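Going by this note's numbering, the sequence shown opens with residue 4, and the numbers climb by one from there. We put the beta carbon where it would ideally sit given N, CA and C, even for glycine. Since the model is a prediction, treat every value here as computed from it, not as a measurement. Only one structure is covered here, and it is reproduced in the block below.
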Amino acid sequence: FEFCTYLMGNLGCRIHGNSPVVYSASCNGVCETDNCHNHTKRSKSLTQNGLYKFCSSPSLAFRNRLSSRSYNNILSTFPRSDSTKSNTQDLILSKSSWPIAQREHLFLPHFKIHRGPEDQKYITSRYLASGGYGKVYSVVEKDTCKEYALKVLSKSQIIKDNELKQLRDEVDIQSRCGHHPFIVECLSYWQNRNNIYILCEFVPRGELFDAVTTFCYNLVQIYVAEIGLALDFLHNAGVIYRDLKPDNILVDADYHIKLTDFGLSAWLKIGERTRTMCGTAKYMAPEILCAQPYGHSVDWWSLGVVACLMLTDKYPIVQRGNTPLSAGNGVCHVPGCGGNKSPVDVPLDEEEMRVNLPKEAEDLVIPAKDLLQRLLVVNPQKRIRSVLGLERIAMYMAFSFEDCKLKKMKPSSFIYKHRESFH
């Protein structure tokens with residue numbers, strides 16, 4: 004109603020009954036009689052189509068009063084026809100509403116704008132986790148009562164840290180790779196005025212070390228294989244993960260693993276290298292800590308650290324001379340990354356560096372110890388870097404990766420058997 008009043012004020016309109024009376028510019032709104040012969044009077048109903056049709060042929064005075072730009076802006080407030088179909092339809096329709104705030108426009112067309120129904124489709128069940136830019140909640144869809152995980156991110160923080168491109172990469176990677184059996188699927192994503200929302204499948208048992216507290220040899224064998232299959236798939240798809248750690252390994256109802264949180268992932272073809280300093284310090288490969296160019300092999304180093312934790316409950320230590328090589332205990336990341344910053348910034352010299360396994364590793368069976376020694380290698384060229392490399396070591400000589408991918412192997416059977424052995 005306010006818009007119509009504004010528009011009629013510009014056109015020289017007065018309301019008589021239920022219809023506006025529109026005068027020519029020369030009348031200036033003075034004459035209101037039905038029998039005036041000096042001026043023109045027309046009536047139009049206040050329907051959207053009628054008003055739009057009338058505005059398509061404005062009087063000369065109206066054209067002079069408003070610039071062509073402002074005139075087009077007035078017309079653009081009416082939504083375009085729903086019959087218009089194209090790949091950019093959502094972006095076009097969003098532009099045809101009232102002017103979009105810059106904070107929302109920056110995230111288009113990747114993240115559609117939803118201010119009402121989409122945000123109200125889900126009921127928040129409970130808090131699950133938090134990260135650098137927001138929190139993750141368990142939500143239930145009202146219509147189906149199905150449970151999902153909803154990641155809520157602060158747009159202002161993303162803009163402040165110049166992480167918009169990284170966010171786009173995150174949703175693109177997870178959407179395209181989420182069909183893999185050991186990767187969390189991204190189902191939908193959108194925005195409102197303040198936040199970004201990423202809807203993913205819900206993985207009921209949560210983080211790996213919360214769901215499983217004790218790891219027998221067979222269980223480690225299955226979990227390393229499942230993680231290895233997921234990493235191998237990502238690398239062949241041109242993706243580097245860069246944040247493999249127990250917090251990002253979830254466990255489903257049948258105790259199979261699923262990788263989540265692709266916030267530090269990036270597109271990287273096989274054979275290419277990057278220098279971005281990012282990841283979680285205790286799981287970083289030596290080449291990242293030394294600010295050297297690196298490739299997909301850094302993910303296999305991280306798998307070695309996770310395997311060491313499962314087998315010994317301790318971290319391996321990388322030393323350069325007598326000094327432990329470390330970037331601290333937190334997450335290292337250079338926002339907006341160009342990537343040559345490092346807390347260490349030393350050349351990678353494998354002769355000066357060595358990996359010290361925990362004392363508990365001395366009691367491991369030979370295949371388990373061999374696994375750690377093949378993954379935790381300072382030189383990335385000598386490190387296991389694929390499922391094919393895993394198949395060749397002692398731990399997987401009689402192991403079927405095809406059956407593992409089809410989830411024919413049941414981790415739950417080893418978990419329950421291990422629990423029963425303590426009673």
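Cβ-based neighbour list, residue i, same chain, cut-off 7 Å, excluding 5 preceding and 5 following
i, result
"Pro207", "Asp255 and Ala256"
"Lys372", "Ala364"
"Leu378", "Trp303, Trp304, Leu306, Gly307, Ala310, Arg386 and Ile387"
"Ile396", "Asp373, Leu374 and Arg377"
"Asp172", "Ser268, Ala269 and Trp270"
"Leu367", "Leu314"
"Phe402", "Gln224 and Ala228"
"Glu107", "Ile116, Gln194 and Arg196"
"Tyr419", "none"
Under the three-state DSSP convention, the category residue i falls into
i, result
"Lys372", "helix"
"Thr315", "helix"
"Gly181", "coil"
"Arg171", "helix"
"Glu188", "coil"
"Leu306", "helix"
"Leu131", "strand"
"Leu109", "coil"
"Gln295", "coil"
"Lys44", "Residue placement at Lys44 cannot be trusted, given a pLDDT of 42 that sits under 50; the coordinates are not used to answer."
"Leu202", "strand"
"Phe425", "Since pLDDT at Phe425 reaches only 35, below the 50 mark, its modelled position is unreliable, and no value is offered."
"Tyr136", "coil"
"Asn221", "helix"
"Leu367", "coil"
"Val358", "strand"
"Lys154", "strand"
"Glu229", "helix"
"Lys115", "strand"
"Val142", "strand"
"Val215", "coil"
"Gly341", "Below a pLDDT of 50, predicted positions are generally treated as unreliable, and Gly341, at 38, falls in that range; no measurement from the model is reported."
Whole-Å CB distance - residue i paired with residue j, under 8 Å assumed
i, j, result
"Pro414", "Ile225", "5 Å"
"Gln194", "Ile116", "6 Å"
"Asn251", "Asp264", "5 Å"
"Val309", "Leu247", "7 Å"
"Phe404", "Val390", "6 Å"
"Arg388", "His299", "7 Å"
"Ile260", "Phe205", "Contact flag wrong, Cβ pair sits at about 15 Å."
"Pro249", "Leu211", "5 Å"
"Leu237", "Cys180", "6 Å"
Spatial neighbours of residue i in its chain, beta-carbon cut-off 6 Å, leaving aside the 5 residues before and after
i, result
"Tyr318", "Lys285"
"Gly331", "With a pLDDT of 45 at Gly331, under the threshold of 50, the modelled position of this residue cannot be trusted; read the value that follows with caution. Hits under 6 Å: Ala284."
"Tyr399", "Leu393"
"Ala132", "Val139"
"Lys408", "Leu232"
"Asp175", "none"
"Asp348", "In this predicted model, Asp348 has a pLDDT of only 48, less than 50, meaning its place in the structure is not dependable enough to derive any value."
"Ala214", "Arg208 and Val254"
"Lys149", "none"
"Ser178", "Cys189"
Neighbourhood of residue i by C-beta distance below 8 Å, restricted to the same chain and skipping five residues each side
i, result
"Arg3", "Summary: the structure shown does not reach residue 3, with the chain confined to residues 4 through 426, and so no result is reported for it."
"Ile161", "Tyr136, Leu167, Leu170 and Ile199"
"Asp406", "Met412"
"Pro383", "Ala288, Glu290, Tyr297, Gly298, Ser300, Val301 and Trp304"
"Asp146", "Lys124"
"His182", "Glu188"
"Ser60", "A caution first: Ser60 carries a pLDDT of 48, below 50, which makes its placement in the model unreliable, though a value can still be read off. Around Ser60: no qualifying Cβ."
Counting only runs of 4+ residues fully inside the region 232-292, write out the alpha helix (DSSP H) ranges in chain order.
-> Qualifying alpha helix (DSSP H) stretches, in chain order: 289-292.
Flag this pair as touching only if the region 188-200 and the region 234-251 have three or more C-beta atom pairs under 8 Å; answer yes or no.
-> Note that the region 188-200 does not touch the region 234-251; fewer than 3 beta-carbon pairs, one per stretch, sit closer than 8 Å.
Would you list, in sequence order, the uninterrupted alpha helix (DSSP H) runs of no fewer than 4 residues that lie entirely inside the region 372-417?
-> If we require 4 residues or more, the alpha helix (DSSP H) runs fully inside the region 372-417 come out as 390-394 and 404-408.
Within the chosen definition, does the region 300-308 reach the region 258-273 through at least 3 CB pairs nearer than 8 Å?
-> No, they do not touch.
Three-pair Cβ contact test at 8 Å for the region 227-236 versus the region 152-172 = No: the two stretches stay apart, fewer than three of their Cβ pairs being nearer than 8 Å.
The region 274-281 / the region 356-371 touching (three or more Cβ pairs under 8 Å) = No, the region 274-281 does not touch the region 356-371.
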